[in-house]
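In structure tokens, the structure reads:
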């Protein structure tokens, strides 16, 4: 019971940190003989509330999770990928949570990109994930981020181009997770990857960082929170506002923004009235290089 309670608390904490993000995730542990089968589903709906469900373990008693030892722990030794007995793995009592750090572009998380963590099996795992996406019936699915951990965890974020926020459905995440896990098991049987990898598949949701200018046209109809540098009295200060993209001048490498008609930009004394004509006509020009951080805005 204590094990289940700790998992529930962990899920609550993880969801509450990101409850404004329309994101979903599926966690799966390898079906290797070293690990009991278990899947945890966590939903993070776009509202002030959030819901989650935790599936029961297949065994009668709560198991220990055993991701493999890897080169990170013994960097001076070559990792042979021979994980055959429980003596070759490190016992871990709880899921390895991703570190709570400020996201950066290319960090393998909500900043997108690929981070293999120096593990010898990372490239193979990435190629398997890319094959699953390519062969998916959902033609608008893409890999947004892929990250491997030295302790044997794989974190995948899937992007869905046709969705407003880029979020696949839970069924789509489960389908990818199931197919990816099966192929990882096949690769593990040939020692191409460890047999006992742990997998989390999720969507980036509104937490994702947007690249300038590559991602802006896709979300131009949506409000975005833009942090940028502005020079005032020969000094640059970082400012933040909720904008809508007006246009992009690729030749001059400048983005032209206008205020989004959201509560944050309205006069609190106006009692909910929309932006004034002066506010609507306001345009802010920001060079590509002066953008510090851009995320989708969820009111």
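Numbering (the numbering used here), first residue to last: 204 to 502. The beta-carbon is built from N, C-alpha and C at its ideal position, and this holds for glycine as well. Nothing here was measured: the structure is a model prediction, and the numbers come from that model.
Would you mind reading off the limits of the beta strand (DSSP E) that contains residue 402?
-> Taking the chain shown and counting its residues from 1, the one referred to as residue 402 is at position 199. That run of the beta strand (DSSP E) goes 401-405.
So, with DSSP's three-state summary, where would you put residue 486? Stepping through the chain shown from its first residue, residue 486 is reached at position 283. Of the three classes helix, strand and coil, the one that applies to residue 486 here is coil, per DSSP.
Quiz item: Is the distance from the Cβ of residue 410 to the Cβ of residue 343 below 8 Å?
Solution: Within the chain shown, the letter at position 207 stands for residue 410. Within the chain shown, the letter at position 140 stands for residue 343. Against a cut-off of 8 Å, the Cβ pair of residue 343 and residue 410 comes out as no contact.
Roughly how many angstroms separate the alpha carbons of residue 304 and residue 310, rounded to a whole number?
Here residue 304 is taken as the residue at index 101 of the chain shown, counted from 1. Here residue 310 is taken as the residue at index 107 of the chain shown, counted from 1. If you take the alpha carbons of residue 304 and residue 310, they lie about 10 Å apart.
Let me confirm a value: residue 449 is counted as buried when at least 16 other C-beta atoms fall within 10 Å, else exposed. Which label applies?
Within the chain shown, the letter at position 246 stands for residue 449. That one is exposed.
Within 10 Å of its beta-carbon, does residue 428 have 16 or more other beta-carbons around it, so buried, or fewer, so exposed? What you label residue 428 is simply residue 225 of the chain shown in a count that begins at 1. The residue is buried, with at least 16 neighbouring Cβ atoms inside 10 Å.
I want to know whether the stretch 413-432 touches the stretch 491-501 - three or more CB-CB distances under 8 Å.
yes
*Whole-number beta carbon distance between residue 480 and residue 469, since they are thought to touch under 8 Å*: Working through the chain shown from its first residue, we reach residue 469 at position 266. Working through the chain shown from its first residue, we reach residue 480 at position 277. Not a contact, Cβ separation roughly 14 Å.
Quick check: is the beta carbon of residue 376 nearer than 8 Å to any beta carbon in chain B?
In summary, chain B is missing from the structure at hand, where a single protein chain is found.
| field | Check whether residue 447 and residue 406 have beta carbons under 8 Å apart | value | Numbered from its first residue, the chain shown carries residue 447 at position 244. Numbered from its first residue, the chain shown carries residue 406 at position 203. For the pair residue 447 and residue 406, the CB atoms are not nearer than the 8 Å cut-off.
query: Do three or more CB pairs link the stretch 350-361 to the stretch 397-405 at distances below 8 Å?
result: yes
* May I have the straight-line CA-CA distance separating residue 485 from residue 464, to the nearest angstrom? => Taking the chain shown and counting its residues from 1, the one referred to as residue 485 is at position 282. Taking the chain shown and counting its residues from 1, the one referred to as residue 464 is at position 261. Taking the straight line from one Cα to the other gives about 12 Å.
Report task. Under 8 Å by Cβ, that's how I've got residue 315 and residue 348 pegged, so tell me the actual separation to the nearest angstrom. Result -> For the purposes of this step, residue 315 is taken as the residue at position 112 of the chain shown. For the purposes of this step, residue 348 is taken as the residue at position 145 of the chain shown. Confirmed, about 5 Å.
Item checked: Nearest residue (CA-CA) to residue 499, options 488, 385, 420 -> As a working note, residue 499 is residue 296 in the chain shown. Nearest in C-alpha terms to residue 499, of all of 488, 385, 420, is 420.
- For the ligand SAM, is there a heavy atom less than 7 Å away from the beta-carbon of residue 391? Only the bare structure without any ligand can be found here, which leaves the ligand SAM out of the picture.
query = At which residues does the alpha helix (DSSP H) containing residue 378 begin and terminate?
reply = Start at 1 with the first residue of the chain shown, and residue 378 comes out as number 175. Here the alpha helix (DSSP H) through residue 378 covers 373-392.
Residues in its own chain within less than 7 Å of residue 488 by CB, not counting five upstream and five downstream?
Locating residue 488 in the chain shown gives position 285, where the first residue counts as 1. Here the set comprises 457, 459.
DSSP beta-bridge partners of residue 433:
Counting from one through the chain shown, the residue named residue 433 turns up at place 230. As DSSP reads the structure, residue 433 sits in a beta bridge with 440.
- Message: I need the straight-line Cα distance from residue 326 to residue 371, nearest angstrom please.
- Response: Reading the chain shown from its first residue, position 123 is the one you call residue 326. Reading the chain shown from its first residue, position 168 is the one you call residue 371. Going from the Cα of residue 326 to the Cα of residue 371 covers about 24 Å.
Quiz item: Can you tell me the Cα-Cα spacing of residue 345 and residue 441, whole angstroms?
Solution: Within the chain shown, numbered from 1, the residue matching residue 345 stands at position 142. Within the chain shown, numbered from 1, the residue matching residue 441 stands at position 238. Straight-line Cα distance between these residues: approximately 33 Å.
- Item | Identity of the residues DSSP links to residue 364 by a beta bridge | Start at 1 with the first residue of the chain shown, and residue 364 comes out as number 161. None, per the DSSP bridge assignment.
Shortest alpha-carbon distance to residue 383 belongs to which of 333, 397, 340, 414?
-> For the purposes of this step, residue 383 is taken as the residue at position 180 of the chain shown. The residue with the shortest Cα to Cα distance from residue 383 is 333.
What span of residues does the alpha helix (DSSP H) with residue 335 cover, start to end? As a position in the chain shown, residue 335 is number 132, starting the count at 1. Where residue 335 is concerned, the enclosing alpha helix (DSSP H) stretches over 325-337.
Ordered along the chain, which non-local residues of its own chain (more than five positions away) have a Cβ less than 8 Å from that of residue 412?
Looking up residue 412 in the chain shown gives position 209. Result list for residue 412: 306, 307, 308, 313, 314, 315, 496, 497, 498, in chain order.
Exercise. Could you say which of 452, 482, 340 lies nearest to residue 416 if we only look at CA atoms?
Key: Along the chain shown, read from residue 1 onward, the residue named residue 416 stands at position 213. Answer by Cα proximity: 452.
Residues that DSSP places opposite residue 452 in a beta bridge: On the chain shown, residue 452 is found 249 positions in, with the first residue counted as 1. Looking at the DSSP assignment, residue 452 forms a beta bridge with 457.
ask   = When you compare only the Cα positions, how much space is there between residue 341 and residue 422?
value = The sequence position of residue 341 within the chain shown is 138, counting from 1. The sequence position of residue 422 within the chain shown is 219, counting from 1. Answer to the nearest angstrom: the Cα atoms are 20 Å apart.
Which of the three DSSP states is assigned to residue 446 in this structure?
Position 243 of the chain shown, counting from 1, holds the residue named residue 446. Here residue 446 sits in strand by DSSP.
Out of 454, 438, 444, which one is the CA nearest neighbour of residue 461?
The residue you call residue 461 lines up with position 258 of the chain shown. Nearest of 454, 438, 444 to residue 461, Cα basis: 444.
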